[in-house]
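**Q** Each residue of the sequence shown is one higher than the one before, starting from 1 at the first, in the UniProt record's numbering.
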Amino acid sequence: MATVYVRYKQVEALTGEEELKRVRLNRVGLLLGLISSFGMCVVANFQKTTLFSMHLVGAVLTFGVGALYILVQTLLSLYMQPHVHSKNIYLVRLGMGLWTLGSIITMFVSSVIMYSSLPGVDVAHKLHWTPGETGYTAHIISTISEWSLAFSFISFFLTYIRDFQKITLRVEADLQSSHLYDSWSQSPHHKRDASETSPLLAGGT
C-alpha cells in the first residue's frame with residue numbers, strides 16, 4: 001500500500017495539471033492499487049480451507065484488480081517516455097504485464113479443467129494429490145501459474161526501485177495547540193510553543 005501511494009505521489013509531481021490523461025490515469029492507478037492491497041489482506045485473513053468464498057474474493061481483488069493496476073502503470077510509463085524516463089523501462093513493464101496476463105489465463109483455464117474433471121469432489125479442500133489421478137496435471141499447472149502470477153507482481157514492483165531513488169518524502173506534524181485538552185482551563189501550564197513543527201518521517205536519496 002505504501003509503495004502504491006509513493007508511486008502515485010511521484011507521478012503526480014512529474015505530471016502537469018494540463019496533462020489530464022496522465023492525471024486521471026494516476027488517480028485510477030491509486031484506487032486500483034489500494035483495492036488490490038485490500039484484497040491481499042482478505043486473502044491472508046481467510047484461508048482457502050476455512051472460508052473458500054472469501055479467499056476467492058480476496059484473490060480476485062488482489063490479482064484481478066492488481067493486473068489492472070499493472071496495466072495502468074504500464075500506460076503511464078508509455079505516456080511518460082521519453083521525457084521523464086527511457087523507453088526501456090516502459091518495455092520492461094510491458095513485459096511484466098504480459099507475464100501477468102499469461103499467468104492469469106493459464107491459471108484460469110487449468111482451474112476450470114481441474115474442477116470440471118472432478119464433479120462432486122470438494123477440490124477446494126483437497127490437500128493431497130497423487131500423480132496420475134484425474135485432475136492432477138491441471139492442478140500442477142494451476143499451482144505453477146499461481147506462483148508465476150505472484151512472482152510477476154513482485155518483479156513489476158521491483159521496477160520502481162530506480163524511480164524511488166529519485167524522490168524524497170517528508171511528513172510533518174503541525175501542532176495547533178500545546179495541549180490535547182478540549183479547553184485551556186483543563187490543561188496544566190505548558191511552556192511549549194503551540195506552533196512547533198516536528199518531523200515524523202523523512203526519506204531521502
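Every residue gets a Cβ at the ideal spot worked out from N, C-alpha and C, and that includes glycine.
#1: Looking at C-alpha atoms only, which residue of E18, E19, V23 is the closest neighbour of residue 210?
#2: Along the chain, where does the alpha helix (DSSP H) that runs through W99 open and close?
#3: Tell me whether Y69 is buried or exposed, calling it buried when 16 or more other Cβ atoms sit within 10 Å of its Cβ.
#4: Helix, strand or coil for D163, going by three-state DSSP, please let me know.
#5: Since V92 and T159 should fall inside the 8 Å C-beta cutoff, what is the C-beta to C-beta distance between them, to a whole number of angstroms?
#6: Which class does T50 belong to by DSSP, given the choice of helix, strand or coil?
#7: Where does E12 sit, in a helix, a strand or coil, going by DSSP?
#8: Which word fits N26, buried or exposed, when buried means at least 16 other C-beta atoms lie within 10 angstroms of its C-beta?
#9: In whole angstroms, give me the CA-to-CA distance for A2 and T134.
#10: For the putative contact between S103 and S152, defined by C-beta atoms under 8 Å, what is the C-beta separation to the nearest angstrom?
#11: Start and end of the alpha helix (DSSP H) containing residue 213?
#12: Quick one: grab the DSSP three-state call for W129.
#13: What's the call for V121, buried or exposed, on a 16-neighbour Cβ count within 10 Å?
#14: Would the region 33-43 and the region 15-22 be scored as touching if the rule is three or more Cβ pairs under 8 Å?
#15: Which first and last residues belong to the alpha helix (DSSP H) in which F153 is found?
**A** If we stick to the structure as given:
#1: Residue 210 lies beyond the range of the chain shown here (1 to 205); nothing can be said about it.
#2: 87-116
#3: buried
#4: helix
#5: 6 Å
#6: coil
#7: helix
#8: buried
#9: 43 Å
#10: 6 Å
#11: Given a span of 1 to 205 for the chain in the structure shown, any question on residue 213 remains unanswerable.
#12: coil
#13: exposed
#14: no
#15: 136-158
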